[in-house]
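I have placed the structure first, in the form of structure tokens, so that the comments after it can refer back to it.
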DNA sequence: TTATTCTGACAATAGCACGTGTCAGAAAAC
DNA sequence: GTTTTCTGACACGTGCTATTGTCAGAATAA
């Protein structure tokens, strides 16, 4: 009875296989949520999109919301990494930097439309736990927007929290409407509109 | 067999009784949604809050969403009537008028907290039919905000639809945060913050 | 009073999806 | 080749809620 468990399959250890399945579930979820919306996506549907069965769902996630959060955070990480890079490495004025960051934001939403729907729309109002994740992200986003338009010689007038929340709400609402319109206008035009609202943070 | 139906009860005709029950259901729904949230509110719970039974629920509404919409529109009518009155009858500058309308908006949300939760939070992302109602309201709200800050000698620069959507999103997001905070700041301060964002429409 | 209509409580049905369990066959180890 | 572990398909029980149906009793009209 030598506990010879953890046999290799396809050259991968048990842990590696489990993580690979987890990734497949997350990618499948992003696609399934994008197509059906989170509400209409059953555990079974996600598993089919991932090419796996329910068995493996519960191997990696306690329930549907846990997968939703994991998928959201995957997209979120991609977006913020990109936005922070643009913001940090941009050499121009605060005005130009703001426009560049916003352009990057809306460009990502256009390039990955399933991810965009999850990141902007599907995440909202699912339940208390998920709402907390969304709320935290809005704060983080507010930070980025505030830094983005802050003059370099920044004396930190520190706009109120509500103003910052409002600006974030505006930027996100623009994204929602733009997505709903089928990405009717150009990324540049959308970013310019959003920048008008973000300037409130620079005053 | 004289179809002597429609007997009066408590001095009310059958139709009057039915409408009265409908009203009770709507008021019960506003309270129940405020306490539990729409998602956690069963048909049974609404009926208990209204002091009626499921039988009468289906007498007036096809399903839960129909009642949600009816309750939302009840609150919505109250709010818009008030906002339009303030806007129309205000004599000062565009700036002052804007502040007055916003103050009225946030004051209502504070005075009727159950209604506020329904009007701002619970209505969102319930389903396609309800989302359409919410989307229509945001447009209407955008109209009010745009008129509110428009200079009297208005040459209508007509801000883009996305900008307007963004401003509405900002004002609503401020409401959400304020509600979440337990109405921490004064109505006046909140309205002042919201006005900062609304000024984008006046440019 | 007597007959009729209305009302409220509750039972019964049905549907949906979660979460778990089973099991035969595939893939690796020996 | 034999044994053991892993994998995928699927069935099952469970719980929750909407929605319909039933029925005894209250309120009203005659």
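Protein chains in written order, with this note's numbering: chain X, 5 to 207; chain B, 5 to 207. C-beta atoms are modelled at their ideal positions from N, C-alpha and C, and glycine is treated no differently. Note that this is a predicted model, so its numbers are computed, not measured.
For the 8 Å CB-CB criterion, residue 38 of chain X and residue 79 of chain X do not form a contact.
For residue 13 of chain B, the secondary structure class from DSSP, reduced to helix, strand or coil, is strand. By the neighbour-count criterion, in which 16 or more other beta carbons inside 10 Å mark a residue as buried, residue 26 of chain B falls on the buried side.
Here residue 127 of chain B is actually not in contact with residue 183 of chain B; their C-beta atoms are around 13 Å apart, not less than 8 Å.
Residue 198 of chain B is positioned such that its CB atom lies no closer than 8 Å to that of residue 139 of chain X.
In this structure residue 73 of chain X does not touch residue 58 of chain X by the C-beta definition: roughly 19 Å separates them, more than the 8 Å allowed. Within chain B, the residues 164, 166, 167, 170 have their CB atoms less than 7 Å from the CB of residue 197 of chain X, given in chain order. By the Cβ neighbour-count rule, residue 93 of chain B is exposed, with fewer than 16 other Cβ atoms within 10 Å of its own.
Counted as a single uninterrupted DSSP element, the alpha helix (DSSP H) harbouring residue 38 of chain B occupies residues 18-40. In terms of Cβ geometry, residue 108 of chain B and residue 86 of chain B form a close pair [threshold 8 Å]. The straight-line gap separating the alpha-carbon atoms of residue 50 of chain X and residue 83 of chain X is approximately 23 Å.
With contacts defined as CB atoms closer than 8 Å, residue 150 of chain B and residue 205 of chain B qualify as a contacting pair. When the alpha-carbon of residue 177 of chain B is set against those of X:190, X:146, X:196, the nearest one is in X:146.
In this structure, DSSP gives residue 164 of chain X a state outside helix and strand, which the three-state scheme calls coil. Annotation for residue 133 of chain X: 69, 73 place their beta carbon closer than 8 Å to its own, counting only its chain and skipping 5 residues before and after.
Secondary structure at residue 103 of chain B: helix, using DSSP grouped into helix, strand and coil. Under the 8 Å criterion on CB atoms, residue 66 of chain X is classed as non-interfacial with respect to chain B.
The C-beta of residue 105 of chain B comes no closer than 8 Å to any C-beta of chain X. Against chain B, the beta carbon of residue 182 of chain X has neighbours under 8 Å at 166, listed in chain order. For residue 189 of chain X, at least one C-beta of chain B is nearer than 8 Å to its own C-beta. Here the alpha carbon of residue 17 of chain X sits roughly 10 Å from the alpha carbon of residue 23 of chain X. Every alpha helix (DSSP H) stretch that sits fully inside the stretch 57-113 of chain B and reaches 4 residues is listed by chain position as 58-64, 68-93. A residue is called buried when at least 16 other Cβ atoms come within 10 angstroms of its Cβ; residue 63 of chain B does not meet this threshold and is exposed.
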